[in-house]
Each structure stands twice: as C-alpha cells, then as structure tokens.
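For reference, the structure is listed below as structure tokens.
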Amino acid sequence: MKRRFIPFVWAFMLLMLILLPPLQAAAAEGDTETETSSEVLLNEFNGTILDFDESRIIWKEVGDKVLWLYNRTDGSQVKIYDAAGSDDFIGNAKLSAEGIVFASVNASTGHVIYYWKDGEVRQLVAGQSLHAVKGNFAVFTNGVVDLTTGQSRSLPNSHFVNTNRFDLSADGTVVYVDRTYRSNLYKSLPDGTLTMLVPPAGYLSYGGPLTDGKNIIYKVLIWTSIGQKWVVRLRDADDKITTLALNPFYSFFTNPRRDYQINNGWITYQEYNKEKDNWILYVRSPEGETKPIFETPSQTWKQSWYARDGLSINQLGADGSVVYTVYTRSITNTKTYLYSTQANQHVRVSSDPGEFHYRNSAWYRLTSNSLFAIQI
Numbered sequence: 002m003k004r005r006f007i008p009f010v011w012a013f014m015l016l017m018l019i020l021l022p023p024l025q026a027a028a029a030e031g032d033t034e035t036e037t038s039s040e041v042l043l044n045e046f047n048g049t050i051l052d053f054d055e056s057r058i059i060w061k062e063v064g065d066k067v068l069w070l071y072n073r074t075d076g077s078q079v080k081i082y083d084a085a086g087s088d089d090f091i092g093n094a095k096l097s098a099e100g101i102v103f104a105s106v107n108a109s110t111g112h113v114i115y116y117w118k119d120g121e122v123r124q125l126v127a128g129q130s131l132h133a134v135k136g137n138f139a140v141f142t143n144g145v146v147d148l149t150t151g152q153s154r155s156l157p158n159s160h161f162v163n164t165n166r167f168d169l170s171a172d173g174t175v176v177y178v179d180r181t182y183r184s185n186l187y188k189s190l191p192d193g194t195l196t197m198l199v200p201p202a203g204y205l206s207y208g209g210p211l212t213d214g215k216n217i218i219y220k221v222l223i224w225t226s227i228g229q230k231w232v233v234r235l236r237d238a239d240d241k242i243t244t245l246a247l248n249p250f251y252s253f254f255t256n257p258r259r260d261y262q263i264n265n266g267w268i269t270y271q272e273y274n275k276e277k278d279n280w281i282l283y284v285r286s287p288e289g290e291t292k293p294i295f296e297t298p299s300q301t302w303k304q305s306w307y308a309r310d311g312l313s314i315n316q317l318g319a320d321g322s323v324v325y326t327v328y329t330r331s332i333t334n335t336k337t338y339l340y341s342t343q344a345n346q347h348v349r350v351s352s353d354p355g356e357f358h359y360r361n362s363a364w365y366r367l368t369s370n371s372l373f374a375i376q377i
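When we follow this note's numbering, the leftmost residue of the sequence shown carries the number 2, and every step to the right adds one.
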C-alpha cells in the first residue's frame, strides 16, 4: 500500500505545480514582493466624488442636483451649485489650483461650464464639454482657458470627446492629435504658440501624446515587413527623440495611459517582447535610467483575445512609483500591484473597482462615493 501511494503523491504534487499561476513573473529579477496592502476609509458621501486633492473633495448628491466642496482639514462644507427645481443637472466637476470648474447640463440647451472661486461663480463657455483641469487651466471640446486671466485659446482640429487624444500639463501646455487616421501632432503653449508635426515619409500617424510640461511621450504608426506597428517615443524639451518600444498595432484612439504615462520626468511604459511572446513593464527615471519591473509569463500573448495574459498601467506617481494591473488568461482574472521605485518593492493592492491616485507623496483609491488611503 505504501509503495502504491508514493507515486500518486508525486503525480498529484507535479500536477499542482503545473496548475499554479506563474507567480515569479510578478516581478523582475531583483525586485521583492510583500503582502497585500491595507486601506483606510477616509471619506464617504451620499453621492458621487468627482475630484479631490490634498485638502479638498468635490462631490455631488444623489440625483445630480447639488454640488458640494468638502474641506478635508476641518470637515466643513460649502454648497457650490444647486439645480433643484430646474431641468438642469450637474455633469462633471474638477478642482483647479484655486477653485472649481463644473458643468451644468440641460437636455435641451446642452452644457454650460462655470468657474467657482471664493464664492464667486462665472460662466466660462457654453455648448462645449469639460474634459480636463490642471493647475489653473481647463480644456474643453475645442479650446483651453486660463482660469486666472480668463483668456482662452483655440485648439485647431481638436474637437475632443474624451482625453484619449490629448493631455494637459499644469502650466497650460496642451499636446494633442487630430481625429483622423493620419493624425498630426500638435503642441499648444500657454502664450498661444502652436507647433504642428506632420508624419514624415514612411510614418502613417501620430497618436496618444502625453506630457509633463517639458517632455512628450507619444506613439507613431509605421509599416513593417509584418504589418503595422506602434512605435512609442519620447521627445524631450530639446526635441531630442528616444525610441522606447515597438508594439503591435491596435485601435487608433484608445486611452494611451494604459500603455504608458509620464509624471515629473518619470516614465512608465510597456513593451511587447516578440521572442518571448509576452509584455514587459518598465520604469524610466528623469535621468534616463530604465528598469524592467514586471513581465508576463512567456508564450501567453498570441492566443485568442479572451485567453491572453496582459498588463494595464493604472497610475504613475511623481516619485516614479506605479500602480499596474495584471490580467491572467482573462480580463476578469486580475491582480493589481503598487511598485515602489525607492524601495524596489511590489505590494499587492485592491483589485476592487476604483481609480488610483497619487497626491502629495501618498496613494489613494477612489470609488464612486468613497476615498481610501493605501497603507503599505
């Protein structure tokens, strides 16, 4: 009986080892992984949180009629807008450096964008949607406005419907591409200077530009011997161009932030490895030092779309730390990690629905109505 049992045990153990997920792929060589992080609930509202920073939260009540500004320091609140009794409702709202930009929406008349500061409200624009606010600048469908001076500048060939084709930096610089399949790359400076780059010979289109105000990371569509490819490139403040990755072609106007991001000179990006048929996630320092921090298992990409292993970048912090999600054989089978550049450490964080944000050297997770602090 004993001799018959031992082979069965070895066979069972071998089967379990084969079926176990490839955990070693969760971190690049030399990196460490710790236990799952914990979360602390900071704030919860009977409504929707629209934006927050170190000291403020902007949220709207259930029903989208009343907009509030919450003071995270003392817990006090100020009512910003009340649409009760009208056909209007509150769309989105975003915090600027000194105030709040918000949209009032009416099914008949469309969007009207307002700016609130120190109890004063003024209209900014009508008939356009609000897409982004950073520093004291706001981007709408076709232009950008300086909230301090009230001056606006148009963005030719923009007509944004979301943030997939543009990025705004806190100094008012906007980089974007137009909405064609042969897109040019534009850079609009706060002083109104507009630079346009046309794809050179052999290049089909620009796409997905992001900026930190100095550097621009973007992709270029090219022809190769095996079809179309996206080349991910960095253009620094001196217009020096560095190629970062060569990746398979996919849709023209997807959100580039899942594939690469830039923040305070730090860059994170993913690259397809043809030889290993997998994806590698990199972090690049402002000095140009590049390090692989994660890679998916080998031979896991060229499969049917519902059975691939893949990556998605959630958020890059100003210190080079990054939150990313790993997909194993399915987009519903995920694990999310926070990688600390300083500690060279991967920490498991919540995979529950929500957005990750980096504010003033701290990480948060934001759900529709709750704000959590991530504790490592």
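Positions of the beta carbon are idealized from the N, C-alpha and C atoms, including for glycine.
Residue span of the beta strand (DSSP E) that contains residue i, given as start and end
i: ARG349; result: 346 to 350
i: GLY228; result: 228 to 236
i: ARG360; result: 356 to 360
i: ILE294; result: 291 to 296
i: LYS275; result: Careful: LYS275 lies outside any beta strand (DSSP E) and carries neither H nor E.
i: PHE250; result: PHE250 -> no beta strand (DSSP E), and no H or E assigned at all.
i: PRO210; result: 204 to 212
i: ILE217; result: 217 to 225
i: ARG183; result: First-last for ARG183: undefined, no H or E at that position.
i: ALA94; result: 90 to 96
i: SER299; result: Per DSSP, SER299 belongs to no beta strand (DSSP E) and is neither H nor E.
i: ARG57; result: 57 to 62
i: ILE377; result: Note, ILE377: premise wrong, no beta strand (DSSP E); not H, not E.
i: ALA139; result: 138 to 140
i: LYS241; result: Run containing LYS241: none; DSSP gives neither H nor E here.
i: GLU45; result: 39 to 45
Rounded Cβ spacing between residue i and residue j (contact assumed at less than 8 Å)
i: THR142; j: HIS160; result: 6 Å
i: MET197; j: ASN185; result: 5 Å
i: VAL126; j: ILE114; result: 5 Å
i: LEU148; j: TYR116; result: 6 Å
i: THR342; j: GLY321; result: 4 Å
i: THR174; j: LEU190; result: 6 Å
i: ILE281; j: PRO298; result: The Cβ separation is near 12 Å, so there is no contact.
i: ASP172; j: GLY136; result: 7 Å
Buried/exposed call for residue i, threshold 16 Cβ in 10 Å
i: GLY365; result: Residue identity check: residue 365 is Tyr in the sequence provided, not Gly. Classification of TYR365: buried, given that the 10 Å Cβ count is 16 or more.
i: TYR340; result: buried
i: GLY100; result: buried
i: PRO23; result: The predicted model places PRO23 with a pLDDT of 39, which falls under 50 and marks its position as unreliable; any figure quoted below should be read in that light. It counts as exposed.
i: ASP260; result: buried
i: THR74; result: exposed
i: GLN25; result: Its pLDDT being 37, under 50, GLN25 is placed unreliably in this model, and the value from its coordinates should be taken loosely. By the 10 Å Cβ count, GLN25 comes out exposed.
i: ASN361; result: exposed
i: PRO201; result: exposed
i: VAL221; result: buried
i: LYS241; result: exposed
i: GLY214; result: buried
i: GLN124; result: exposed
i: GLN262; result: buried
i: ASP52; result: buried
i: PHE9; result: The predicted model places PHE9 with a pLDDT of 43, which falls under 50 and marks its position as unreliable; any figure quoted below should be read in that light. It is exposed - the Cβ of PHE9 has fewer than 16 other Cβ atoms within 10 Å.
i: SER313; result: buried
Contact under 8 Å by Cβ, residue i with residue j
i: GLY208; j: ILE223; result: no
i: LEU317; j: THR243; result: no
i: LYS95; j: VAL102; result: yes
i: GLY76; j: GLU62; result: no
i: ALA104; j: LEU70; result: no
i: ALA139; j: SER87; result: no
i: SER1; j: ASN44; result: No answer is possible for residue 1: the residues shown for the chain start at 2 and end at 377.
i: ASP65; j: ILE81; result: no
i: PHE250; j: GLN271; result: no
i: ASP168; j: LEU211; result: yes
i: ALA374; j: VAL134; result: no
i: ASN334; j: THR326; result: no
i: ARG154; j: VAL145; result: yes
i: VAL323; j: VAL348; result: no
Counterpart residues of residue i in DSSP-defined beta bridges
i: GLY311; result: TYR328
i: GLN152; result: Answer is none; GLN152 lacks a bridge partner.
i: LEU125; result: Looking at the DSSP assignment, LEU125 forms no beta bridge with any residue, so it has no partner.
i: GLN343; result: Its beta-bridge partners do not exist; DSSP assigns none.
i: ALA85; result: Paired residue(s): none; ALA85 is not in a bridge.
i: HIS112; result: VAL106
i: ALA319; result: Its beta-bridge partners do not exist; DSSP assigns none.
i: LEU68; result: LYS61 and TYR82
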